[in-house]
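**Student:**
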Amino acid sequence: MDYQMENLILRFVKEDDLSEVARMWPADHHPLSNKEAMEAISYMSGNYARNTKGSIYHLCLAVCQSNNPGRIMGWCGLDGSRNHTEPEIFILLDEPYRGKGYGTLCVKEMLRIATEDYAILSVHGGCAKENISSIRAMEKSGMKQYGTEENGDPLFRFCAK
Numbered sequence: 006m007d008y009q010m011e012n013l014i015l016r017f018v019k020e021d022d023l024s025e026v027a028r029m030w031p032a033d034h035h036p037l038s039n040k041e042a043m044e045a046i047s048y049m050s051g052n053y054a055r056n057t058k059g060s061i062y063h064l065c066l067a068v069c070q071s072n073n074p075g076r077i078m079g080w081c082g083l084d085g086s087r088n089h090t091e092p093e094i095f096i097l098l099d100e101p102y103r104g105k106g107y108g109t110l111c112v113k114e115m116l117r118i119a120t121e122d123y124a125i126l127s128v129h130g131g132c133a134k135e136n137i138s139s140i141r142a143m144e145k146s147g148m149k150q151y152g153t154e155e156n157g158d159p160l161f162r163f164c165a166k
């Protein structure tokens with residue numbers, strides 16, 4: 006399933022995305038071999054099947070521009086590895102796409118997906134205190150800061166109404 010919004014598409018990856026996953030996974034951008042990229046795709050696909058209403062194991066979606074859906078510009082999703090019923094939101098955009106409002110669009114859509122598609126009542130988030138763009142994206146999307154890590158990094162939570 007693809008999630009279409011304004012000028013972005015958030016989509017599940019598939020085997021056809023092998024070269025893009027190899028290019029863009031993980032976030033530090035060292036290219037993967039085709040075998041490693043296929044393992045990443047298999048991992049994501051396996052998690053897609055495990056996610057159910059009220060429980061997220063790991064949901065990772067490719068972020069693409071609507072006018073170029075085959076090119077992955079980053080990743081966003083929900084990670085339930087610590088708590089399946091209160092997953093952590095994540096956004097990882099490639100450098101050229103940062104600071105353009107894409108992160109805010111991703112956060113808003115991931116919160117909508119969490120609450121409407123998966124019946125998740127609460128989503129957790131955090132980022133480095135220096136990452137003003139991520140802080141603003143979470144705030145603009147309705148997440149509320151509820152505390153900080155020991156190092157001062159802010160912690161956010163979204164609660165469905």
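Going by the working numbering, the first residue of the sequence shown is number 6, and it counts up by one from there. Glycine included, each C-beta is placed from N, C-alpha and C at the ideal position.
List the endpoints of the continuous beta strand (DSSP E) containing residue 98.
**Tutor:** Within the sequence shown, residue 98 is the residue found at index 93, counting from 1. Its beta strand (DSSP E) spans residues 93–98.
**Student:** Do the CB positions of residue 139 and residue 96 come within less than 8 Å of each other?
**Tutor:** In the sequence shown, the residue the question calls residue 139 occupies position 134. In the sequence shown, the residue the question calls residue 96 occupies position 91. Yes. Within cutoff.
**Student:** For the putative contact between residue 116 and residue 11, defined by C-beta atoms under 8 Å, what is the C-beta separation to the nearest angstrom?
**Tutor:** For the purposes of this step, residue 116 is identified with residue 111 of the sequence shown, where counting begins at 1. For the purposes of this step, residue 11 is identified with residue 6 of the sequence shown, where counting begins at 1. Actually they are not in contact, since the Cβ atoms of residue 116 and residue 11 sit about 15 Å apart, beyond 8 Å.
**Student:** Grab me the residues of residue 129's own chain with a C-beta within less than 6 Å of its C-beta, minus the 5 sequence neighbours each way, in chain order.
**Tutor:** The residue you call residue 129 lines up with position 124 of the sequence shown. For residue 129, where only same-chain residues beyond five positions count, the Cβ hits under 6 Å are 91, 93 and 162.
**Student:** To the nearest angstrom, report how far apart residue 157 and residue 69 are at their CA atoms.
**Tutor:** Position 152 of the sequence shown, counted from the start, is the residue given in the question as residue 157. Position 64 of the sequence shown, counted from the start, is the residue given in the question as residue 69. Taking the straight line joining both Cα atoms gives about 32 Å.
**Student:** My output table needs one value for residue 125: the three-state DSSP class, helix, strand or coil.
**Tutor:** If you number the sequence shown from 1, residue 125 lands on position 120. Coil, per DSSP.
**Student:** Out of curiosity, what's the CA-to-CA distance linking residue 38 and residue 147?
**Tutor:** Along the sequence shown, read from residue 1 onward, the residue named residue 38 stands at position 33. Along the sequence shown, read from residue 1 onward, the residue named residue 147 stands at position 142. Cα-Cα distance, rounded: 39 Å.
**Student:** If you run the structure through DSSP and keep just helix, strand and coil, what is residue 47?
**Tutor:** Within the sequence shown, residue 47 is the residue found at index 42, counting from 1. Correct three-state label for residue 47: helix.
**Student:** Using only CA atoms, which one of 118, 124 and 151 lies nearest to residue 131?
**Tutor:** Position 126 of the sequence shown, counted from the start, is the residue given in the question as residue 131. Nearest C-alpha to residue 131: 151.
**Student:** Determine the contact status of residue 27 and residue 36, defining contact as a CB-CB distance below 8 Å.
**Tutor:** Within the sequence shown, the letter at position 22 stands for residue 27. Within the sequence shown, the letter at position 31 stands for residue 36. Contact flag set, yes.
**Student:** Shortest alpha-carbon distance to residue 126 belongs to which of 143, 165, 155 and 100?
**Tutor:** For the purposes of this step, residue 126 is taken as residue 121 along the sequence shown, with counting starting at 1. Nearest C-alpha to residue 126: 165.
**Student:** Mapping the DSSP letters down to three states, classify residue 90 as helix, strand or coil.
**Tutor:** As a working note, residue 90 is residue 85 in the sequence shown. Reduced to three states, the DSSP call for residue 90 is coil.
**Student:** What is the DSSP secondary structure of residue 158, reduced to helix, strand or coil?
**Tutor:** Within the sequence shown, numbered from 1, the residue matching residue 158 stands at position 153. Here residue 158 sits in coil by DSSP.
**Student:** Identify, in the order they occur along the chain, each residue of the same chain with its Cβ nearer than 8 Å to the Cβ of residue 142, setting aside the five sequence neighbours on each side.
**Tutor:** Residue mapping note: residue 142 aligns to position 137 of the sequence shown, counting from 1. The answer, listed in chain order, is 96, 108, 109, 111 and 112.
**Student:** Just curious, the alpha helix (DSSP H) that residue 65 is in, first and last residue?
**Tutor:** Counting from 1 along the sequence shown, the entry for residue 65 is found at position 60. Looking at the DSSP string, residue 65 is not in any alpha helix (DSSP H); the run it does join, the beta strand (DSSP E), is 63–70.
**Student:** Any idea what DSSP makes of residue 105, helix, strand or coil?
**Tutor:** Here residue 105 is taken as the residue at index 100 of the sequence shown, counted from 1. Residue state, collapsed to three classes: coil.
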